[in-house]
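Please read the structure below before turning to the comments.
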Amino acid sequence: MIRLCTTSLWDKNATHSSYPYLTECFRNTILQWVPISIFWLILPLWLFVLNRRQIKSQSLIVSRLFINKMILTCLFIFLQLIHIINYFVPSTEVKDFVYLFTRILYLITTICILWLINYDRLKNIFSSGLLFIYWLLVLLATIPDLIDYSIKIYQQIQSVSWWIKFIAACLQFCVVLCLFIANCFAEKYNAPEATLHERPLVPEFYASFPSRILYSWVTPLILKGYRKPLTEKDCWELPMSERTATVVDQVRNYMKCWKLNTQYEKISMKKIQILDSNPLEDEHRNLLNNIPTVDVKQSSSKNRKTSMFWYALFCAYKEEIFIGAVIKLVHDILQFSGPMILKLLLKDFTDLNKPKWLGVFYASLLSIVVFCQIILLRAYFHCQFLVGLRFRSAITGLIYRKSLKLSNASKQETTTGEIVNLMAIDASRFAEVTQHIHVLWSGPFQLLIALILLYREMKFSIIPGVTLLFIMIPTNLYLHRIQKKLTFKQMKIKDQRIKMMNEILNGIRVLKLYAWEVAFIRSITRIRDEELGYIRKKAILTAISNILWTFTPILVGILTFATYVLSSDTNILTADKAFVSLALFNLLRSPLVVFPNVMTNVVEARVSNKRIENFLNNEEIDEDAVDKISMDSNKYAVKIENSSFRWSNLVDDPIILKNINMQIEQGSLIAFIGMVGSGKSSILAALLGEINKVHGHVSISGTIAYVPQTAWIMNTTLKENILFGRDFDRHLYNRVIEACALKQDLDMLPANDETEIGEKGINLSGGQRQRVSLARALYSNADIFLLDDPLSAVDAHVGAHIFKNVIGPKGLLYGKTRLLVTHGISHLSKCDDIIVVSQGEIIDHGSYNDLMIRSSILQDFVNSVPTSHDEGYQRQTSDLESSKSIPTTPLELIANPFESIEHDTQQNELQPILNEIAEEKRKTIEKEFVQTGSVKLNIFFIYIRSCKLFMVGLVMIFFGLTICASLSTNIWLSKWTDTVKSKTLTNNTSSRSNQIYYMNIYSILGLIQGFLSFTMQLIQKFASYIAGRKLHWMILIGILHAPSSFFDTTPIGRIINRFSKDIDAVDSTLPNGFSQSLTVFITVIATLIILIYGSWFALIELLPLACLFIYIQRVYVSSSRQLRRLDSITRSSIYANFSETIQGLTSIRAYQAQQRFI
1 MIRLCTTSLW DKNATHSSYP YLTECFRNTI LQWVPISIFW LILPLWLFVL NRRQIKSQSL
61 IVSRLFINKM ILTCLFIFLQ LIHIINYFVP STEVKDFVYL FTRILYLITT ICILWLINYD
121 RLKNIFSSGL LFIYWLLVLL ATIPDLIDYS IKIYQQIQSV SWWIKFIAAC LQFCVVLCLF
181 IANCFAEKYN APEATLHERP LVPEFYASFP SRILYSWVTP LILKGYRKPL TEKDCWELPM
241 SERTATVVDQ VRNYMKCWKL NTQYEKISMK KIQILDSNPL EDEHRNLLNN IPTVDVKQSS
301 SKNRKTSMFW YALFCAYKEE IFIGAVIKLV HDILQFSGPM ILKLLLKDFT DLNKPKWLGV
361 FYASLLSIVV FCQIILLRAY FHCQFLVGLR FRSAITGLIY RKSLKLSNAS KQETTTGEIV
421 NLMAIDASRF AEVTQHIHVL WSGPFQLLIA LILLYREMKF SIIPGVTLLF IMIPTNLYLH
481 RIQKKLTFKQ MKIKDQRIKM MNEILNGIRV LKLYAWEVAF IRSITRIRDE ELGYIRKKAI
541 LTAISNILWT FTPILVGILT FATYVLSSDT NILTADKAFV SLALFNLLRS PLVVFPNVMT
601 NVVEARVSNK RIENFLNNEE IDEDAVDKIS MDSNKYAVKI ENSSFRWSNL VDDPIILKNI
661 NMQIEQGSLI AFIGMVGSGK SSILAALLGE INKVHGHVSI SGTIAYVPQT AWIMNTTLKE
721 NILFGRDFDR HLYNRVIEAC ALKQDLDMLP ANDETEIGEK GINLSGGQRQ RVSLARALYS
781 NADIFLLDDP LSAVDAHVGA HIFKNVIGPK GLLYGKTRLL VTHGISHLSK CDDIIVVSQG
841 EIIDHGSYND LMIRSSILQD FVNSVPTSHD EGYQRQTSDL ESSKSIPTTP LELIANPFES
901 IEHDTQQNEL QPILNEIAEE KRKTIEKEFV QTGSVKLNIF FIYIRSCKLF MVGLVMIFFG
961 LTICASLSTN IWLSKWTDTV KSKTLTNNTS SRSNQIYYMN IYSILGLIQG FLSFTMQLIQ
1021 KFASYIAGRK LHWMILIGIL HAPSSFFDTT PIGRIINRFS KDIDAVDSTL PNGFSQSLTV
1081 FITVIATLII LIYGSWFALI ELLPLACLFI YIQRVYVSSS RQLRRLDSIT RSSIYANFSE
1141 TIQGLTSIRA YQAQQRFI
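The UniProt record's numbering puts the sequence shown at residues 1 to 1158.
So, in structure tokens, the structure goes:
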């Protein structure tokens, strides 16, 4: 460096004087090289990120901001050229070579920046973080030069060279300042015209870099939420990278790759001889091309393999997780710089010979470090929250897609309640664990650094504390292992509770009809009590684990101070040693306090991982069981050859269809008859691929429409139920309505076919639901129609109308292939062929006349049912659905015209009243009410009363005592160090006993603090347990005693959300949040009191800061609270849609509508 500079690199006398300055060599090297080095270090990573972005057809426009950046960058290049030319101008002044070298580096770097600005524009980068950081560092590096030259001019140094340097420094400072300001703004975002009518895109996508790191882009939404309650329309549109479809596809791709690697390893084990053509790679490539669209496909539920979906989750977002890890690492390093700066600051206070500015510098440096920590910690949590959100979206999407492919055997093994829990609770567990997942490595790293720094302060006195620390770790791991088992058992019980609740809600009318509410309340409560038993055990274990981690830093501090003081008479506990060590103990406390919560989250996530993997590995429907053949290649629409079927692929399951052989020509009408349970509907299920094929061949030519025996109705308008996602064709639609005898029904509905008909079509009669289901099949215009007893729920004259206009030889379906399962005999003579089914076998087939002659089964069947004049046998719920039945809702009053055609007079008399009622209830399902404003005090009082006032009082008492104990510990330590400072301790007995006295009191106070904290947490856990039991009881009583009209207007998914996610929040989230809040309150209050105790002048700063933070909190909480409410409400619609999908799964798969529902 001596050869590069004429001056020294560092001059301690110059920097530690009353008027410090930096040497010219240091300014031209270290200060200038730091920004350049950081730029070239980050540039490869930045280019890697840019190259992964697709250059859009329309890149950012050449804006004024872009032009200004280019001009200012060119000016900076011009200034560097002037510096280089000036170096070669002859002069009497000795010039440093490093000056020229630095200017050349700046020239090369700035030319690269000139290219990078344009490349960022092409890649649609609105604001470059790299350039913002670079110009900020260059600006800071320019300031010392400007100050030094200003001092020289002020000292009246009239040298021309100094004036030139001063002017050049001013010009460079102005240019760099303008470049920095320019990089504080982002390019203007022009929304595409196609999205102008939609919600705006989230501003983070196009915000400037300072706005992103300070999160000022979210300020407008927070202020809007403070002025008025937020609604869904106020929220931003998610970018494509955050949407569920994108997230799920990313994870599924990694799952496919993992499956591919597994198959590749199996091929490798076969020792295939590798030829020149490399058949192994060809096989690998063929496997890649032939990956099925299913997530996990197994041939046997007993032979399951791990889906490794968690591996796919982490691999899909490994880059985001890695970025979070880097941010956390930098934050942790800065965190430990605080105690070191504090030590320098304390030494500066005790050393009166040091310049005053040094203390100001250390205090400012400490503030800057804390500010950087806050920025990094916010960036870390933002990154991890996004990963957690993607995890939750991916898991929910995978579970939903898997549920669309479950086989019948899997649906019997997995209940709807269990699947709802997987989506509501288990998916959230993965989202929660990502927030602190890096503590698993960051915690030990912080412990290691803290122990190293403690060793520098206390030497070998830390050995007893470290020993205690290593004893605590396996103890807590053992407790978490027990907690994992309890969590798994608790989730099993929770599944049972949600399953039973779902069954109760689905049969709520029957339950109320027989007054079974009390019996089912007892059943649910019994399951809930068993669940709460596991929650109580977990609460005790959690309290013990928390107190062990809370006690650990206290005991480590006591043992360390005691060992240090007692190990040698020369060891004096000075203020800088005591408080720096105390600061390190507090840093040691942070990972130890967070670690048990993280381990709890990890334990719960591992349990959820096992549950989700078990579900994803369930048996799927065999999509290849039925061959799809082109209609032109075969005259048979349906062909079954030597096939047998069972409900699952388990060998133990009985065969339900044996040796089925059937060939059905296109355009024919085939009737299936037989006694109840003979297997008629099972044949249709076999054609749909819903049951497992043991052997044989099944083929179908053309598309399928399916009308199930029990109609499936979606919670939407009647029109949407019929269209079922297809384009609207008015001519076809009107023909379908007329043929299905729905015209008069539509005329009587309040909004015609735009009327919402409620969940499961609850406000339609059975006959109307069946006709809507039939209309859906007709509108699909399929080639093959599978009709599973579609006339069983309609009146005789309506059934005759439908057969004539829809199914029969002159109906809309003439020329289509129709497979009709029926228990009626009036229409058999009009069928092309009749197939007789008995005990899972086809025993005969032929025309009606032929079978009447030779088939005794058909003769018995005809004789066993009423004649066509008394076809009321087809309506198994005639008493409830007849026109004389008592209507229960306004829509039932106006939605049964066909069941009461002969009562037109009564209908006409009621019509004015019905229209008035219908206008008031055009929408059957009420939109879920979103609470606005602050949480009412009554809500807090309800929770407090649920916890029992006595328990809450105890928590508050121990809360106050814990604060007093914490204050006493810190004040006593301060008094101890003040005594050491005021007195020169000698090696006499009184001095030694004095130290032992202070140490004993400090130890007692620390132990009391730990005991009080443990007692407070234990009482709080039990209070939360009591509240969870009572609140569940209250909501259960309220739901089961609600009137029937409540269930007409409230989707089941909304109610299930209250009993799953919201009750889980009461059981887990709320107690944990309450516990953490108490811990934070204790720390904050103790810190404030200590500050005021140290100096009353602190009140002058604390009061305005308190007012500012109270205002910020009010603004933030208003928006945060409302967004959480919206989140809860949108979850309800997800669960309602999911429950609806599960109920209509067979119909969805029959119409090949899975992708639309996804």
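Note that CB positions come from ideal geometry on N, CA and C, so glycine has one too. Note that the structure is a prediction, hence the values are computed from the model and not measured.
- The straight-line gap separating the alpha-carbon atoms of Ile113 and His382 is approximately 29 Å.
- Just measuring C-alpha positions, the residue of Pro355, Ile655, Ile395 sitting nearest Asn13 is Pro355.
- Within its own chain, the residues whose Cβ lies closer than 7 Å to the Cβ of His845, once the five positions on either side in sequence are excluded, are Asp833, Ile834, Ile835, Val836, listed in chain order.
- For Lys343, same chain residues with a beta-carbon under 6 Å away, outside a window of 5 residues either side, are Asp576, Val580 in chain order.
- Checking the DSSP bridge columns, you'll see Gln744 has no partner listed.
- For the set Ser1120, Ile971, Ile1008, Gly1144, the Cα lying nearest the Cα of Gly1094 is the one of Ile971.
- Where Met852 is concerned, there is no enclosing beta strand (DSSP E), although the alpha helix (DSSP H) around it starts and stops at 848 to 854.
- CA-CA distance, Leu50 to Val34, rounds to 24 Å.
- Around the C-beta of Val89, fewer than 16 other C-beta atoms lie within 10 Å, and the residue is accordingly described as exposed.
- Residue environment: Ala1106 is assigned as exposed (fewer than 16 neighbouring CB atoms within 10 Å of its CB, all protein chains considered).
- Nearest to Glu319 by alpha-carbon distance, out of Phe309, Val387, Leu223, Leu592, is Val387.
- Taking all protein chains shown into account, Asp747 has fewer than 16 neighbouring C-beta atoms within 10 Å of its C-beta and is therefore exposed.
- Rounded to the nearest angstrom, the Cβ distance from Ile1037 to Tyr1135 is 22 Å, too far for a contact under 8 Å.
- For Thr717, the beta-bridge partners assigned by DSSP are Glu756.
- Sequence-distant partners of Ile704 (beyond 5 residues in either direction) whose C-beta falls short of 6 Å from its own C-beta, in its chain, are Ala782, Ile784, Ala1150.
- If you draw a straight line from the Cα of Ser8 to the Cα of Ile61, it comes to about 49 Å.
- Counting C-beta pairs with one atom in each stretch, the stretch 654 to 674 and the stretch 415 to 430 have fewer than three that are closer than 8 Å, which means they do not touch.
- By DSSP's assignment, Met662 forms a beta bridge with Ile640.
- DSSP places Leu819 inside the beta strand (DSSP E), whose first and last residues are 817 to 821.
- Comparing alpha-carbon positions, the option among Pro44, Ala625, Pro591 lying closest to Ile449 turns out to be Pro591.
- Listed in chain order, the non-local C-beta contacts of Lys948 below 7 Å within the same chain comprise Ala1023, Ile1026, local neighbours out to five positions each way being set aside.
- For Ser678, the secondary structure class from DSSP, reduced to helix, strand or coil, is coil.
- Under the 8 Å Cβ criterion, the stretch 1127 to 1144 counts as touching the stretch 1053 to 1068, having at least three qualifying pairs.
- For Ile471, the uninterrupted alpha helix (DSSP H) run begins and ends at 463 to 506, by DSSP.
- The closest CA to that of Val176, considering only Leu79, Ser974, Leu41, Lys610, is found on Leu79.
- For Lys459, there is no enclosing alpha helix (DSSP H), as DSSP marks it with neither H nor E.
- DSSP places Lys693 within a strand segment (E or B) once states are collapsed to three.
- Taking 7 Å as the cut-off, the beta carbon of Asn183 is found no closer than this to the beta carbon of Trp115.
- Apart from the 5 residues on each side of it in sequence, Asp148 sits with its Cβ closer than 8 Å to the Cβ of Tyr21, Leu22, Glu24, Arg27 in its chain, given in chain order.
- One alpha carbon belongs to Glu187, the other to Phe209, and they sit about 11 Å apart.
- With 16 or more other Cβ atoms from the protein chains shown falling within 10 Å of its own Cβ, Asn617 counts as buried.
- Under the DSSP assignment, Tyr706 falls in the beta strand (DSSP E) whose first and last residues are 704 to 707.
- By a beta-carbon distance limit of 8 Å, Leu684 contacts Leu786. Their separation comes to about 5 Å.
- Beta-bridge partners of Phe785 (DSSP): Ala705, Arg818.
- Taken through DSSP and simplified to helix, strand or coil, Ser699 comes out as strand.
- Residues Met472, Thr475, Asn476 of the same chain have their beta carbon placed closer than 7 Å to that of Leu548, with the five preceding and five following residues left out of the count.
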